[in-house]
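**Q**
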Amino acid sequence: DDAVELSGSESEDETVEKQADKEEYYDSSSSDSEELEPYDLNDDGIDLEPVQNPKYLRDLIALLQTKTDADNVFDNHEAALKTAEDLIRSRPADLRDQALPLIQALANLDNKFEIEHFHQRKSKAMIALAVAEPAIVVGRFLASECVMGDLAVSERDSMLRLMAAAAYELAGRTEERSNTEEESLLLDDGQRVRGKSTLVPGYKVSGKTRRWGFRRNKPQQSRPNKFGQIAARHFFFPLLYGYVSEQGDRIREDSTFKHYLAARILQTLSVFADAAQNTPSAPLLATHLIAFAWSNVSAPDAAVRRSALAACLTALSVVPEGAQLLEIHAGTLNLPPPDDLHAFALVATEADSDPQVRSLADTLARLCPPSAFNISLPSSSTIYSRRRASVLLPPRVAS
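Going by this note's numbering, the first residue of the sequence shown is number 16, and it counts up by one from there.
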């Protein structure tokens, strides 16, 4: 009997162990199933789109160059513009080879079919391309195209804005890029010098009172300025040389278009100098910017005079002790001596017909005293010779 009872107890123990093993197995399998992520069965419908998104730049160019009489031209253009910026910023392997035909295709693309967000997407794609390949896109195409050929004023202005936005993005200053895309500089009354608001009297800088230890904002991380090393070669001088060779001799013609273009070129060159500040190329750009602006301070159009004076202010402020540039390089590059610039600014402050010109001239007179310090810097060679601007009263032009 004892043996039978022992075997019965053993059988009960085995049954309990088997039951425990079963429960442990089910618990482990259920925990494993909980860790598994379910498949996403939602279909985004990309495969049902009439045109597949391009994955290579050559396919993107083919979509942009679809002929207007093709059946799927609307879908091709829309698909190309939707994916252009992201595809360019991914820096595909054929970016350098396809950069020139791609910027040409984007520049020649017109919104003939009322595509939604056409201009925004096109501009963002061109800016991304200019940032990715500035030597090809800006140096070889945009800088020369915007001053040559038979382009409309709006097309030239768009190219200048794109170059300015690309310069600020390369400099790590995206906030200035958004402002450059939205509005022009000093073409109408009430506008200010971009990036130099503290130089314009009467302009109130909006800000917050700083309270120590109370909700202080985190310090902004410094970003490398990639624009300084390419500013002179691919941005500033290609645009300056192209304008001087093509349009410089005809700036005095009585043409609203010529005056507008001259003002926009001055503003864009000022943006380049401002974006290159605190870099080794800043003194070089500032010197040539003053030389070019000085030849236009007495222009008959008020917008050109405003832009020229604003360019002088920008050039003198992007480098430490900017007024010393005039003392060092006086007599070269048609730079005015400090006394001449100061005297001109005083006369313009009192007698110019445009109120903004008077305001800018007053700031310039205070920023550039009649005497500067003598220091030693490498002198620049004369790259162009237009005319030596004399200190004369600017002609009175109706505002």
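Here a beta-carbon is modelled for each residue, glycine too, at the ideal position from N, C-alpha and C.
Classify Ala-145 as helix, strand or coil using the three-state DSSP reduction.
**A** Here Ala-145 sits in helix by DSSP.
**Q** By a C-beta neighbour count over all protein chains shown, 10 Å radius and 16 as the cutoff for buried, is Lys-139 buried or exposed?
**A** buried
**Q** I'd like the list of long-range same chain contacts for Leu-157, defined as Cβ closer than 6 Å, with 5 residues on each side in sequence excluded.
**A** Met-174, Met-178
**Q** Got a sec, what are the start and stop residues for the alpha helix (DSSP H) Thr-83 sits in?
**A** Careful: Thr-83 lies outside any alpha helix (DSSP H) and carries neither H nor E.
**Q** Would you identify the three-state DSSP class for His-132, choosing helix, strand or coil?
**A** coil
**Q** Below 8 Å on the Cβ atoms is my contact criterion, and I expect Ile-76 with Ala-108 to pass it. Report the Cβ-Cβ distance as a whole number of Å.
**A** Contact doesn't hold; Cβ gap of about 15 Å is too wide.
**Q** Let me know the secondary structure DSSP gives Arg-176 once reduced to three states.
**A** helix
**Q** Roughly how many angstroms separate the alpha carbons of His-134 and Ile-280, rounded to a whole number?
**A** 22 Å
**Q** Report the option in Gly-243, Tyr-258, Ala-277 whose CA atom is closest to the CA atom of Ala-7.
**A** A query on residue 7 cannot be resolved here, the shown segment of the chain reaching from 16 to 414 and no further.
**Q** Per DSSP, what kind of secondary structure is Cys-327 in: helix, strand or coil?
**A** helix
**Q** Contact defined as beta carbons within less than 8 Å: I believe Ala-288 pairs with Ala-330. What is the distance between those atoms, to the nearest angstrom?
**A** 6 Å
**Q** Can you tell me whether DSSP reads Gly-154 as helix, strand or coil?
**A** Gly-154: helix per DSSP, three-state reduction.
**Q** Determine the DSSP secondary structure at Glu-184, reduced to helix, strand or coil.
**A** Here DSSP, grouped into helix, strand and coil, assigns Glu-184 to helix.
**Q** Take Ala-245 and list the residues in its own chain whose beta-carbon comes closer than 8 Å to its own, dropping the five residues that flank it on each side.
**A** Checking the sequence, you will find Ile at residue 245 rather than Ala. Answer for Ile-245: Pro-149, Ala-150, Leu-185, listed in chain order.
**Q** Distance, Cα to Cα, Ile-142 vs Thr-364?
**A** Cα to Cα, Ile-142 sits roughly 39 Å from Thr-364.
**Q** Report yes if the C-beta distance between Pro-315 and Pro-353 is below 8 Å; otherwise report no.
**A** Not closer than 8 Å, so no.
**Q** Roughly how many whole angstroms lie between the Cα atoms of Pro-69 and Lys-241?
**A** Their backbone Cα atoms lie some 30 Å apart in a straight line.
**Q** Can you check which of these residues, Gln-292, Ile-103, Asp-355, is closest to Tyr-183 by C-alpha distance?
**A** Gln-292
**Q** In the structure shown, what three-state DSSP assignment does Thr-294 receive?
**A** coil
**Q** Taking only the alpha-carbon atoms, compute the straight-line gap between Leu-350 and Ala-376 and give it to the nearest angstrom.
**A** Using only the alpha carbons, I get a separation of about 17 Å.
**Q** Given that a residue counts as buried once 16 or more other Cβ atoms are within 10 Å of its Cβ, and exposed if not, what is His-132?
**A** exposed
**Q** Taking C-beta to C-beta, are Leu-284 and Leu-299 nearer than 8 Å?
**A** no
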